[in-house]
Amino acid sequence: MPLERRTFVKIGGLAALGLAGGAAARAGGVIDAARLVPAGDAATGTGTPGSAGAAAAAAPATSAATTTAPAPLEAKRWAMVVDLGACLRHEGCEDCTRACHAVHNVPDFPNRKDQVEWIWKEPFVEALPDQKHEFLPGNLAHADVLVFCNHCDEPACTRVCPTQATWKREDGVVMMDWHRCIGCRYCIAACPYGSRSFNWRDPRPAIAKIDPAFPTRTRGVVEKCNFCEERLAEGRRPACVEACPPKALLFGDLEDAGSPVRQALADKPAMRRRPGLGTQPQVYYLL
Amino acid sequence: MFEKALRGGRHYWTWVVVLVGLIALGGACYLLQMQEGLRITGLSRDVTWGFYIAQFTFLVGVAASAVMVVLPYYLHDAKVFGPITVLGEFLAIAAVTMCVMFIVVDLGQPGRAFNMLLHPSPSSILFWDMVVLSGYLVLNVIITRVGLAAERSGQKPPAWIKPVILLSIPWAFSIHTVTAFIYSGLAARPFWMTAVLAPRFLASAFASGPALLVLVCLLLARLTRFRVGQEAIGKLTVIMTYALLANVFFVAMEFFTAFYAAIPEHTAHFRYLFVGLEGHRGLVPFMWTAELLALGALVVLLVPSLKRQTGLLAAASAAIIVSVWIEKGMAMVVAGFVPTPLGRVVSYWPTVPELLISLGIYAFGALLVTGFYKIALSVRGEVAA
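Residue numbers (this note's numbering), protein chains in the order written: chain A, 11 to 297; chain B, 22 to 406.
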């Protein structure tokens with residue numbers, strides 16, 4: 011009888027989960043809304059002490075439960091600034107990509123066809139085509155710049171998703187639910203930045219070292235940069251920001267005039283990718 | 022009524038066995054795809070929709086085109102279309118069924134397809150496409166079922182069916198319009214983001230659909246005692262002539278807007294299709310074939326002495342179908358992805374398993390049409406006898 015009882019409990023638990031999930035979806039269209047939506051106080055995205063170093067040294071999430079959990083990082087509107095000058099001076103550096111792809115279990119497929127990417131480099135003239143002209147300084151004409159999800163204020167991807175498997179959080183992070191995604195790839199067609207990747211095959215064999223603190227994906231779903239929402243919840247800045255040797259990636263709250271992103275934007279002119287499309291990217295490129 | 026599909030001669034059963042064989046082959050390939058994922062297709066990081074979605078788009082047009090016999094019959098009292106409206110409606114049922122199958126085989130997680138119902142998302146055009154396509158399927162199932170039952174019992178169809186049929190007319194336009202909106206609402210893809218896409222879809226569908234019906238009628242005239250008459254064929258020919266003219270006109274509009282304005286991100290896709298980009302010329306011969314076939318068909322259709330020859334008419338009809346199939350079933354979807362938003366020019370070709378899965382779905386549709394037509398013609402034969 012114990013086996014039967016266990017099965018019953020399991021089924022009952024699943025049913026309860028399903029009901030709760032359904033209720034959450036009806037309430038806000040977002041499961042886990044309570045955990046994910048920021049409280050909206052004046053917390054800024056600045057200064058988490060410690061945990062500098064490479065994100066490869068990320069502490070497993072499980073240990074956080076035993077000690078006091080650090081306060082989550084919260085913001086009204088998260089944004090990233092890429093300091094192109096600082097980044098380009100470190101030619102060939104891929105620390106941010108390595109850190110991000112390691113902590114997020116992003117598979118590394120050698121062939122372009124199967125590739126999955128969260129943060130990577132593209133030619134400057136393709137990433138920011140509006141800036142292209144014949145007489146660009148040499149360091150820009152042939153430069154590769156970082157691209158990743160723009161976490162748009164008016165995302166085209168979330169609008170077209172037929173299952174609300176991707177949505178914009180109140181703090182601006184564009185999220186993905188890999189358990190709800192049906193793999194129709196409409197969001198990929200809608201993204202003007204090529205920021206989304208599809209798992210054409212099982213990603214797990216192509217992950218060098220699986221980080222148990224973050225889920226791996228199944229084949230047949232779409233994925234992309236998540237602004238490290240899982241780290242923000244633990245009070246840590248995005249892995250790429252922490253991994254960048256020249257500190258060329260600035261992360262913070264656009265609604266906070268004192269945040270590093272606002273200071274950077276006040277200091278120098280910045281560009282965004284294809285601003286004419288009205289998507290309002292929240293990633294800025296500083297020249 | 023279904024038992025009528027189970028009675029047939031040797032040719033009938035040979036045809037059915039061939040179709041079932043193709044379905045089994047496609048099914049086996051789909052099992053492989055379930056096992057391996059969509060990596061067995063030619064789709065890639067850059068071209069994420071391909072042959073499956075293109076066939077879906079083409080077949081929505083076939084489904085919508087049934088309205089080209091239903092509308093004249095019910096709104097303009099074109100009595101000659103009486104015997105073929107049911108053929109058009111059955112074709113629509115088979116086409117919508119194939120559309121659904123092509124969407125399902127394209128999904129990365131088909132087991133979660135019902136998430137579309139669990140989490141209905143009115144902001145997504147795919148949601149609305151699901152609504153209009155399933156509605157259209159239900160409408161046509163009801164209409165054909167009630168119509169045939171009435172015909173068999175020799176009575177007039179019940180009065181309530183008339184409003185249902187009238188509703189199916191605007192509904193047919195809606196399915197292809199909404200399908201065009203899937204593409205034309207995307208700022209990310211300049212090739213698709215054109216207001217003339219939905220009209221173009223409708224025009225090409227209303228050319229290729231009647232062309233298919235002309236071929237079906239000519240074929241049935243050879244294989245069965247079913248005769249539609251010269252007048253019905255003549256009317257279908259007129260419809261496809263004007264629809265084809267409209268389609269050619271719309272394509273010309275696309276060319277003018279793209280090339281006179283000369284915005285590179287608009288012209289690049291057309292150049293990819295018609296002259297090739299960065300050495301990627303795979304689609305070029307297909308595109309020119311499609312244009313030449315369309316022009317050739319127009320010549321036949323516009324010269325009275327030519328279109329009266331049954332052989333030439335059949336050739337023109339086939340040319341229209343192939344031309345529209347190349348346009349929608351091969352080029353239109355892929356060209357939206359090339360060049361990519363990051364300027365990459367790539368080639369996409371469907372793989373053998375991808376083609377066999379598609380062939381299996383087409384065979385399933387053909388099997389449905391075969392069975393439906395068998396039933397419809399048997400009911401007629403019974404009444405006549």
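We put the CB at the ideal spot given by N, CA and C, even for glycine. Values in this document were obtained by computation on a predicted structure and should not be read as measured data.
Against residue i, what residues of chain B qualify as contacts under a CB-to-CB distance less than 7 Å, listed in chain order?
i, result
"phenylalanine 208(A)", "Thr69, Gly129"
"tyrosine 203(A)", "Pro362"
"leucine 287(A)", "Ala208"
"isoleucine 198(A)", "Thr69"
"alanine 151(A)", "Per Cβ cutoff of 7 Å: no residues; alanine 151(A) is ~14 Å from chain B at best."
"proline 172(A)", "Met137, Ser142, Ser145, Leu147, Phe148"
"glutamate 136(A)", "Leu363, Gly364"
"alanine 216(A)", "Under the 7 Å cutoff, chain B gives no residues; its nearest Cβ is about 11 Å from alanine 216(A)."
"arginine 227(A)", "Per Cβ cutoff of 7 Å: no residues; arginine 227(A) is ~10 Å from chain B at best."
Using the beta-carbon of each residue, which ones in chain A are nearer than 8 Å to residue i?
i, result
"glutamate 57(B)", "Arg211"
"serine 205(B)", "Near serine 205(B) there are no residues of chain A at all, since even the closest Cβ is about 12 Å away, more than 8 Å."
"serine 65(B)", "Arg122, Lys123, Asp124, Trp210"
So what's residue i in DSSP terms, helix, strand or just coil?
i, result
"alanine 53(A)", "Low confidence applies here, because alanine 53(A) scores a pLDDT of 37, under 50, leaving its location unreliable; read the following figure in that light. In this structure, alanine 53(A) counts as coil in the three-state DSSP scheme."
"tyrosine 294(A)", "strand"
"lysine 177(B)", "coil"
"arginine 261(B)", "Here residue 261(B) is methionine; the residue named in the question, arginine, does not match the sequence. DSSP places methionine 261(B) in helix when its eight states are reduced to three."
"glutamate 132(A)", "strand"
"aspartate 154(A)", "strand"
"tryptophan 346(B)", "helix"
"glutamate 239(A)", "helix"
"arginine 45(A)", "With a pLDDT of 41 at arginine 45(A), under the threshold of 50, the predicted position of this residue should be treated as unreliable, and no value is reported."
"glycine 60(A)", "With a pLDDT of only 37 at glycine 60(A), under 50, the local geometry of the prediction cannot be trusted, and the value read off the model is given with reservation. Correct three-state label for glycine 60(A): coil."
"threonine 289(A)", "coil"
"histidine 301(B)", "strand"
"alanine 280(A)", "strand"
"leucine 259(A)", "strand"
"threonine 176(A)", "strand"
Under 7 Å between the Cβ atoms of residue i and residue j?
i, j, result
"proline 371(B)", "glycine 103(B)", "no"
"cysteine 201(A)", "cysteine 171(A)", "no"
"arginine 190(A)", "alanine 175(A)", "yes"
"threonine 344(B)", "leucine 314(B)", "Threonine is not the amino acid found at residue 344(B); the sequence shown has serine there. Yes."
"alanine 193(B)", "valine 88(B)", "yes"
"proline 248(A)", "asparagine 160(A)", "no"
"serine 269(A)", "aspartate 277(A)", "no"
"lysine 234(A)", "arginine 206(A)", "yes"
"alanine 318(B)", "phenylalanine 271(B)", "no"
"leucine 154(B)", "valine 101(B)", "no"
"glycine 392(B)", "alanine 115(B)", "no"
List, in order along the chain, the chain A residues whose C-beta lies closer than 7 Å to that of residue i?
i, result
"arginine 60(B)", "Asp124, Trp210, Arg211"
Closer than 8 Å by beta-carbon distance: list the chain B residues that pair up with residue i, in chain order.
i, result
"tyrosine 295(A)", "Those do not exist, as tyrosine 295(A) stays about 15 Å from chain B at its closest Cβ, beyond 8 Å."
"isoleucine 192(A)", "Leu128, Gly129, Gln130, Pro131, Arg133, Ala134, Asn136, Met137"
"valine 231(A)", "Gly129, Gln130"
"arginine 169(A)", "Ser144, Ser145"
"alanine 166(A)", "Leu207, Ala208, Ala209"
"glutamate 180(A)", "The premise fails here: glutamate 180(A) is roughly 17 Å from chain B at the closest Cβ pair, so nothing lies under 8 Å."
"glutamate 132(A)", "Leu363"
Thinking just about the alpha-carbon of each residue, which of the options is nearest to the one in residue i?
i, options, result
"serine 368(B)", "Leu376(B), Leu377(B), Val355(B)", "Val355(B)"
"isoleucine 203(B)", "Pro191(B), Phe222(B), Ala193(B)", "Phe222(B)"
"glutamine 56(B)", "Phe227(B), His32(B), Gln130(B), Thr165(B)", "Gln130(B)"
"valine 116(A)", "Pro215(A), Pro255(A), Ala89(A)", "Pro215(A)"
"leucine 138(B)", "Val152(B), Leu128(B), Asp127(B)", "Val152(B)"
"glycine 182(A)", "Leu275(A), Cys238(A), Thr173(A), Arg108(A)", "Cys238(A)"
"valine 157(A)", "Met281(A), Glu84(A), Tyr203(A)", "Tyr203(A)"
"tyrosine 295(A)", "Leu275(A), Thr289(A), Gly288(A)", "Leu275(A)"
"glycine 58(B)", "Leu241(B), Tyr263(B), Ser229(B), Leu128(B)", "Leu128(B)"
"phenylalanine 72(B)", "Ser155(B), Arg243(B), Ile347(B), Ile396(B)", "Ile347(B)"
"tryptophan 88(A)", "Glu265(A), Asp187(A), Met185(A), Arg122(A)", "Glu265(A)"
"aspartate 67(B)", "Pro362(B), Gly381(B), Lys395(B), Val373(B)", "Pro362(B)"
"tyrosine 418(B)", "Phe276(B), Leu244(B), Arg365(B)", "Past the boundaries of the shown model lies residue 418(B); chain B is included only from 22 to 406, so the question cannot be answered."
Are there any heavy atoms of the ligand ZN lying less than 6 Å away from the beta-carbon of residue i, as far as the coordinates show?
i, result
"cysteine 159(A)", "This structure simply doesn't include the ligand ZN, nor any ligand for that matter."
What does residue i touch in chain B if you count any residue whose Cβ is under 9 Å from its own?
i, result
"arginine 108(A)", "Within 9 Å Cβ-Cβ: nothing; arginine 108(A) doesn't reach chain B, min ~19 Å."
"arginine 99(A)", "Those within 9 Å of arginine 99(A) in chain B number zero; the least Cβ separation is about 23 Å."
Spell out a yes or no on whether the stretch 149-162 of chain A and the stretch 129-140 of chain A are touching, meaning 3 or more CB-CB pairs, one atom from each, closer than 8 Å. yes
Is the number of C-beta pairs between the stretch 185-195 of chain B and the stretch 210-228 of chain A that are closer than 8 Å three or more? no
Under 8 Å: do the stretch 71-83 of chain B and the stretch 117-126 of chain B share three or more Cβ pairs, one atom per stretch? Between the stretch 71-83 of chain B and the stretch 117-126 of chain B there are three or more C-beta pairs closer than 8 Å, enough to call the two in contact.
Taking three-plus beta-carbon pairs below 8 Å as touching, is the stretch 254-268 of chain B in contact with the stretch 223-236 of chain B? yes
Are the stretch 238-252 of chain B and the stretch 197-210 of chain B in contact at 8 Å, needing three or more beta carbon pairs? Verdict: no, contact absent.
Is the stretch 284-296 of chain B close to the stretch 203-214 of chain B, with three or more CB pairs under 8 Å? Counting Cβ pairs under 8 Å, three or more are found: they touch.
Three or more C-beta pairs below 8 Å linking the stretch 160-180 of chain B and the stretch 92-111 of chain B: yes
Count the CB pairs spanning the stretch 250-262 of chain A and the stretch 97-106 of chain A that are closer than 8 Å, and state whether there are at least three. Yes, the stretch 250-262 of chain A is in contact with the stretch 97-106 of chain A.
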